[in-house]
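Q: In full-length UniProt numbering, the protein residues as written are 1 to 151.
Structure incoming, see below.
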Ligand code: RTP
């Protein structure tokens, strides 16, 4: 575990349209994570088929595809100690009915098919997803002044 671990966090179309994205940025930033990349983008079907490669045969996959292409997604990359696991904790359980209050899904979502946010579930998947959603030059290299106060 190092302070340079990275994760991919995407605010899904409902989270963008409902104006929840600033809250997501606030929570990750105030926890102490460094924003490395950010863009508002329409996810293409081909990209989503790769991103959700393990789910393509599931019965809910067509509705997941139409949900994820229903509006722009706010794609972000965050860096910091244990950020993959900590990020999943900030998100809460996949099913919002089981997400604890205080988590993003626990505070702002009710439905599995409208769970407002995605977060990588392992360091390996984080690296794959970051490479899938971002070009290398979109990952911004800068010194996070806050790091001296956090670590
Ligand atoms: P995510 O990738 O979005 O962070 O979610 P996850 O790893 O916690 O959950 P995963 O099983 O990978 O599912 C991806 C997304 O598919 C939708 N889903 N719908 N039974 C259903 O209707 C169902 N199951 C999953 C959710 O939007 C979930 O986040």
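Backbone N, C-alpha and C fix where the C-beta goes; we use that ideal spot for every residue, glycine too.
Being a predicted model, the structure only gives us computed values, none of them experimental.
What do you get for residue 79, buried or exposed, if any count of 16 or more other CB atoms within 10 angstroms of its CB means buried?
A: Counted from its first residue, the chain shown places residue 79 at position 79. Buried.
Q: With respect to 7 Å, is the separation between the Cβ of residue 64 and the closest non-hydrogen atom of the ligand RTP below this value?
A: For this step, residue 64 is matched to residue 64 along the chain shown. Yes, the ligand RTP has a heavy atom inside 7 Å of this Cβ.
Q: Identify whether residue 141 lies in helix, strand or coil by the three-state DSSP scheme.
A: Working through the chain shown from its first residue, we reach residue 141 at position 141. Correct three-state label for residue 141: coil.
Q: In the DSSP assignment, find the alpha helix (DSSP H) that holds residue 90 and state where it starts and stops.
A: In the chain shown, residue 90 corresponds to position 90, counting from 1. Note, residue 90: alpha helix (DSSP H), 83-91.
Q: Is the stretch 37-54 touching the stretch 96-114, taking contact as three or more C-beta pairs under 8 Å?
A: no
Q: Going by the C-beta, is residue 14 closer than 7 Å to any heavy atom of the ligand RTP?
A: Here the question's residue 14 lines up with position 14 in the chain shown. Not so, every heavy atom of the ligand RTP lies at least 7 Å from the Cβ.
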